[in-house]
Amino acid sequence: MDPTRILLVTAEPWARNVLALLSKCPQDLEVIHALDGAQGLYYMSKSIAEGVPYRLLIVTAPLPRMRPEATIASIRAIEQGLNRPPYPCLL
Numbered sequence: 080m081d082p083t084r085i086l087l088v089t090a091e092p093w094a095r096n097v098l099a100l101l102s103k104c105p106q107d108l109e110v111i112h113a114l115d116g117a118q119g120l121y122y123m124s125k126s127i128a129e130g131v132p133y134r135l136l137i138v139t140a141p142l143p144r145m146r147p148e149a150t151i152a153s154i155r156a157i158e159q160g161l162n163r164p165p166y167p168c169l170l
């Protein structure tokens with residue numbers, strides 16, 4: 080069975096704590112941490128190209144290099160261009 084994949088896009092210092100807690104979950108869970116919106120877009124694009132999508136995208140504010148809203152809007156544009164359903168997203 081493939082792991083449940085989550086992308087956490089945050090520059091907040093508490094992200095390391097969240098990652099540590101999630102790694103202790105009993106189910107097969109893979110959490111990728113992006114430090115800014117541009118890196119988050121890279122990871123999302125890569126997951127789409129490889130055919131292994133994330134099940135959930137979590138974005139916090141503030142983010143360096145790219146506002147959270149712009150990050151999500153860019154992801155939605157990619158999804159629309161590829162005619163695929165939107166990823167679940169928490170902001």
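If you're matching positions, the sequence shown starts at 80 in the working numbering and goes up one per residue.
Virtual Cβ for every residue (Gly too), placed ideally from N, Cα, C.
| Query | Result |
| --- | --- |
| Cα-Cα separation, D81 to D107 | 8 Å |
| Selected residue, minimal CA-CA separation from R134, among I111, P143, P167, A156 | P167 |
| Cβ shell of L136 (< 6 Å), same chain only, five flanking positions each side left out | L86, Y166, C168 |
| Alpha carbon of L98 to alpha carbon of A152, nearest angstrom | 25 Å |
| Buried/exposed call for G160, threshold 16 Cβ in 10 Å | exposed |
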